[in-house]
Amino acid sequence: MLLRLHQIDKFYPTGEGPLHVLNGIDLSLEAGKSLALTGESGSGKSTLLHLVAGLDSPDAGEIHLGGTNIVGLNDTALAALRRATVGLVFQQFNLIPSLDVAANLAFQARLAGRPDPAWLKVLAKRLGLAQVLTRYPEQLSAGQQQRVAIGRTLAARPRLVLADEPTGNLDEATGDAVLDLMLSLVAETGAALLMVTHSNRLANRLNARVHLHAGRLV
Amino acid sequence: MVWTGLTALLSHWRRRPVQLAMLLLGLSLATALWSAVQAINGEARASYDRAAAILGQDRLAQLVREDGARMDQQVFVRLRRAGWLVSPVIEGEMRFGDVRLRVLGIDPLTLPPQAQQVNVAVGDELLPFITAPGVLYAAPETATRLTEQATPPVRVAEGLPPGTVLTDIGQAQVLLGAKDKISRLLLWPDQPIGRAPLKVTAPGLTLRQPSETGDLARLTDSFHLNLTAFGFLAFAVGLFIVHSAIGLAFEQRRQVFRTLRALGLPARVLVLLLIAELLIFALLAGLVGVALGYVVASALLPDVAATLRGLYGADVPGTLSIRPAVWAAGLAIAVIGTLVAAAQSLWRLWHLPLLAAAQPRAWARASERALRAQGVAAMVLLLTAAGIAQFGSGLEAGFALLAALLLGAALALPLVLTGILQLGGRLVRGPLAEWFWADTRQQLPGLSLALMALLLALAANVGVSTMVSSFRLTFTGWLDQRLAAELYVTARTEAEATAIHDWLAQRSDAVLPIWSVEGRVAGQPAAIYGVADHATYRDNWPILSAVPEVWDRIAAGDGALINEQLARRQELGLGDQITLPGGWRASIVGVYSDYGNPIGQVIIGIDTLVQHYPDVSRLRYAIRIAPGKAEALAAGLRAQFGLPAQNVIDQAGIKVFSLKVFERTFRVTAALNVLTLGVAGLAMFASLMTLSGMRLPQLAPVWAMGLTRRHLAWLELSRGLLLAALTMLAAVPVGIALAFVLLAVVNVEAFGWRLPMHLFPGDWARLAALALLAAGLAAAAPAWRLARLSPSDLLKVFAHER
Ligand SMILES: Nc1ncnc2c1ncn2[C@@H]1O[C@H](COP(=O)(O)OP(=O)(O)O)[C@@H](O)[C@H]1O
Ligand SMILES: [Mg+2]
């Protein structure tokens, strides 16, 4: 089992006392499989994803990633984990504005110590980015930006891809096209995928789906 | 509506107290440095005016000799008999112990009412005034300095310039050793008709019209211009802070502006409200700034006063008085500065389309075109500087050259840094290093104002310290040459002087007279010295240029040496003729350097001096003796003649004193320099703080991809250091150019001497360390904040609401 969550609790402090966002979450995902995480806006989907990525820590529970419990690891270890194992695609603000497309695409793979120019070339071509490699993020359309983000994540061949409404900022046609690309490329690399979405239509295209409501999975 | 608008606008500052503090601090510091300089200048000018107004010189015409020498008292008698209403005045310098004073002798019976400085002609005051030993009137400060000295009775009189005593002409003639001599004649405003013409009664005299500004004001003009230039530089550097704080506050309130506009507030009213807000801040910061300026000024004034005394013989009191003009000027400059700094933001607001989308980073992302325009402006300014250097002349041209050079360099800086960062990015390997350089380059537009301020401060520092150190090196070498004699002795009377001379004849290697008269040469005040024909001068005198066998010609009474400042100011060269006091002429056979002397100087043979000026006071001698025996001889001299300690001075004593004067001279500029650097550091801090809030979207993806916050914070800190280091590198050549202009143009115009330039890389290293420290401190707070940022703050970047 690549990913296993056990009894995860998460609170946010708010003005009206702590907000119990996640309440005893159990979840697992096998290598090479894809899982959709759905739920209303504000139900805690992003929070869950951030915990899995090691970007934030839960108040209780265990997160086993590739066999190790990442809860309680220090900053440095979590950063190393993000480099080595995880790939992230957010809805927006994915890219490094001061680097051009080529450098953005290669960044994570190089950071992780797994540069692979041949694979990068394939990715750029498949993602339709070959013509815009010297542009900067602000000179790209939203759809192009998302494709760069996907390419960058997959270039590093992570074992787990985490995507938070990767097409939420795009119109439907573009979103579908981008998602198609992502799903087939993820399948080719053999990575597992955990994708947050609030669209049933998109969720149905993955191997499995879970629904988050009132802090619990249903 | 208007009130609601104003409260809505002002509420911004309540939520961002640091930003408000930066704005007010920048403005008050800028105003403070500016006002400090104004207060110092104002104090000095007031005392020059007092000096110029003494005896009504600013209102009364006078009769003087063309060559500035003293005239016989007989001339006065003749003019009175011919019907002229004139009053005699004698003026001269003398020492009471170690206090050097200007002595003014007046005739209370004929003095015009306009010249009445002190009313001595009433009741019991007159008799003691005109009979021996007389009475000295002096300003309170001067009177205090005289309490220890043996002088005639001293009375306090307000309104006299410091360092001046007023006494009866008869007493003054005795004190100055100038029996039956007078310096000038004051003319009553209304003269009787039918008096004999001047040419007939008193040939050789000319009429000098009343003048508002004395010699002092003219001599010291350049010094004050210098200070003003520095004050202005500091002010400009401070405005960089204000500009960036205002720009940020406007950008962050775009949403508020739009809402207010949408609610029906006209653009005109909105702009007026914002101007009102800025005016409130400007007045507030202006008040604090002027008050702070007074603190700075009173800390600096003693040094300035010492400088003016040492360099120009100008007496300026060491304490400040509060001047309304300084307050008004300080507040005005604060308001003007604020409006200048806000002009761009106000202009943009005026043109803000009602529905334009907010672009929080738009102002930070200067377009390529703006950068190019800036580059063109920099080129134009630098070319202008080169043009002025080639064709300009005069002190104003010198300062225009400095301004064009500094501004051009500052404008060119972002372009230069962009180039360097681009190159650096190409040279490094590895994703983080590449990102670091690329990202640093992207930060430039937001930081360029602060970096320009830093460049100005650093370049000014390099320039001024290079000038001062070059000057110090030259000056010390020059002192060694100039002060070749081992001992200097001053007798109290001529009889004593003769006795001392005879006593020394067998006990020393040589006794060389230092005798001089004062007068005007080529229209400016000068001293004429006679020198003996001796190896002391032949071997050591700091000659800049001379004809062959120059000392033989001086000894033969054939020719004169003049100092550099006289040569430069009057454009005199070898072979030119000058007219000396008394009307005789001599040809220039050499020019020598004479640093630190405000007036002109002429050297002729001692015999020639005595022949033309038989009345010359013969009190001072230089003594040559083996250095090891000097101390014993000095003690012997004092014991033999009962001379006060300060009448026998050794070489080392004078050197120490001269160097002390020298160091004090530049302490003020050094202090202004350090303050300017501090302001620049603050500008950098303000910008970095500002940017750090907008940095998160740029940093968050890198963090998500596997960097710790600590690592990112270190990189941010290094970024600040890198930029400061690069700016320092750029500042060195600019500073050297600045030093060159100061040494080769401004000093020549201001003081009349040109100095060779020496470079001191050690100083630069120290300055670089200081700059890095300032940048490190400025970058530390934002970096620290980043390191401690909670993950959820970073995650907000990716949250959907944005
Ligand atoms: N840093 C935070 N501090 C306080 N409350 C937060 C924070 N982040 C998220 N929340 C709250 O937690 C809930 C879940 O947020 P999120 O995980 O972003 O939901 P989703 O992604 O499903 O829309 C929301 O109610 C949100 O307002
Ligand atoms: Mg979400």
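Protein sequence lines, in the order shown, are assigned to chains H and U. Note that numbering that gives the first Met the number 0 has the first sequence beginning at 0, numbered continuously upward. Note that numbering that gives the first Met the number 0 has the second sequence beginning at 0, numbered continuously upward. Every residue gets a Cβ at the ideal spot worked out from N, C-alpha and C, and that includes glycine.
For residue i, tell me which candidate among the options has the shortest Cα-Cα distance.
| i | options | result |
| --- | --- | --- |
| residue 625 of chain U | U/509, U/634, U/516 and U/670 | U/509 |
| residue 460 of chain U | U/791, U/405, U/44 and U/682 | U/405 |
| residue 678 of chain U | U/134, U/231 and U/226 | U/231 |
| residue 423 of chain U | U/538, U/171, U/721 and U/325 | U/721 |
| residue 631 of chain U | U/506, U/681 and U/475 | U/506 |
| residue 2 of chain H | H/24, H/153, H/75 and H/62 | H/62 |
| residue 207 of chain U | U/285, U/798, U/16 and U/66 | U/66 |
| residue 704 of chain U | H/130, H/83, H/202 and H/144 | H/83 |
| residue 99 of chain U | U/162, U/399 and U/659 | U/162 |
To the nearest angstrom, how far is it from the Cα of residue i to the Cα of residue j?
| i | j | result |
| --- | --- | --- |
| residue 168 of chain H | residue 717 of chain U | 35 angstroms |
| residue 171 of chain H | residue 127 of chain H | 18 angstroms |
| residue 66 of chain H | residue 426 of chain U | 41 angstroms |
| residue 46 of chain H | residue 200 of chain H | 22 angstroms |
| residue 445 of chain U | residue 690 of chain U | 7 angstroms |
| residue 362 of chain U | residue 260 of chain U | Reliability fails at residue 362 of chain U, whose pLDDT of 40 lies under 50, so the model's placement of it is uncertain and no value is given. |
| residue 747 of chain U | residue 12 of chain U | 50 angstroms |
| residue 441 of chain U | residue 420 of chain U | 10 angstroms |
| residue 386 of chain U | residue 652 of chain U | 46 angstroms |
| residue 272 of chain U | residue 9 of chain U | 10 angstroms |
| residue 181 of chain H | residue 28 of chain H | 18 angstroms |
| residue 18 of chain U | residue 569 of chain U | 55 angstroms |
Which residues in the same chain have their Cβ closer than 6 angstroms to the Cβ of residue i, if we skip the five residues on either side of it in sequence?
| i | result |
| --- | --- |
| residue 135 of chain H | 99 |
| residue 190 of chain U | 84 |
| residue 195 of chain U | 81 |
| residue 464 of chain U | 762 |
| residue 783 of chain U | none |
| residue 206 of chain H | 32 and 33 |
| residue 694 of chain U | none |
| residue 365 of chain U | Low local confidence applies: a pLDDT of 45 at residue 365 of chain U is under 50, so the model's placement there is unreliable, with the coordinate-based value given in what follows. 444, listed in sequence order. |
How would you call residue i, buried or exposed, if buried means at least 16 neighbouring beta carbons within 10 angstroms?
| i | result |
| --- | --- |
| residue 645 of chain U | exposed |
| residue 4 of chain U | buried |
| residue 841 of chain U | Any property of residue 841 of chain U remains undetermined from this structure, which presents chain U solely from 0 to 801. |
| residue 672 of chain U | buried |
| residue 485 of chain U | buried |
| residue 797 of chain U | buried |
| residue 583 of chain U | exposed |
| residue 359 of chain U | In this prediction, residue 359 of chain U has a pLDDT of 38, which is less than 50 and means its spatial position is unreliable; nothing more can be read from the coordinates. |
Mind pulling the chain H residues with CB within less than 8 angstroms of residue i?
| i | result |
| --- | --- |
| residue 697 of chain U | 95, 96 and 97 |
| residue 280 of chain U | Correct list: empty, because the minimum Cβ distance to chain H is about 33 angstroms. |
| residue 444 of chain U | Within chain H, no residue comes near residue 444 of chain U; the closest Cβ sits about 12 angstroms away, beyond 8 angstroms. |
Against residue i, what residues of chain H qualify as contacts under a CB-to-CB distance less than 9 angstroms, listed in chain order?
| i | result |
| --- | --- |
| residue 701 of chain U | 95, 106 and 110 |
| residue 437 of chain U | 95, 97, 98, 99 and 102 |
| residue 440 of chain U | 97 |
| residue 413 of chain U | By Cβ distance, chain H contributes nothing, its closest Cβ being about 16 angstroms from residue 413 of chain U, past 9 angstroms. |
Sorted by chain position, which residues of the same chain lie with C-beta nearer than 8 angstroms to residue i's C-beta, five sequence neighbours on each side aside?
| i | result |
| --- | --- |
| residue 52 of chain H | 81, 85, 87 and 161 |
| residue 234 of chain U | 29, 30, 32, 33, 332 and 336 |
Leaving out the 5 sequence neighbours to the left and right, which residues in its chain are closer than 7 angstroms to residue i when beta-carbon positions are compared?
| i | result |
| --- | --- |
| residue 95 of chain H | 103 and 106 |
| residue 462 of chain U | 734, 737, 738 and 741 |
| residue 42 of chain H | 211 and 212 |
| residue 409 of chain U | 451, 454 and 455 |
| residue 400 of chain U | 384, 387, 388, 391, 740 and 744 |
What residues from chain U crowd round residue i, counting only those whose CB sits closer than 7 angstroms?
| i | result |
| --- | --- |
| residue 134 of chain H | Chain U residues near residue 134 of chain H: none, gap ~14 angstroms exceeds 7 angstroms. |
| residue 78 of chain H | 705, 706 and 707 |
Could you tell me which chain U residues have their CB closer than 8 angstroms to the CB of residue i, listed as they occur along the chain?
| i | result |
| --- | --- |
| residue 74 of chain H | 707, 708 and 709 |
| residue 190 of chain H | Near residue 190 of chain H there are no residues of chain U at all, since even the closest Cβ is about 16 angstroms away, more than 8 angstroms. |
| residue 49 of chain H | 790 and 794 |
| residue 163 of chain H | 797 |
So residue i contacts chain H; which residues on that side make the cut at Cβ distance below 7 angstroms?
| i | result |
| --- | --- |
| residue 783 of chain U | In chain order: nothing, as chain H lies at least about 15 angstroms away. |
| residue 433 of chain U | 102 |
For residue i, which residues in chain U fall below 9 angstroms Cβ to Cβ?
| i | result |
| --- | --- |
| residue 82 of chain H | 704, 705 and 706 |
| query | If you measure beta-carbon to beta-carbon, which residues of the stretch 706-735 of chain U are closer than 9 angstroms to chain C? | reply | Judged by its chain identifiers, the structure shown contains no chain C, and its protein chains are H and U.
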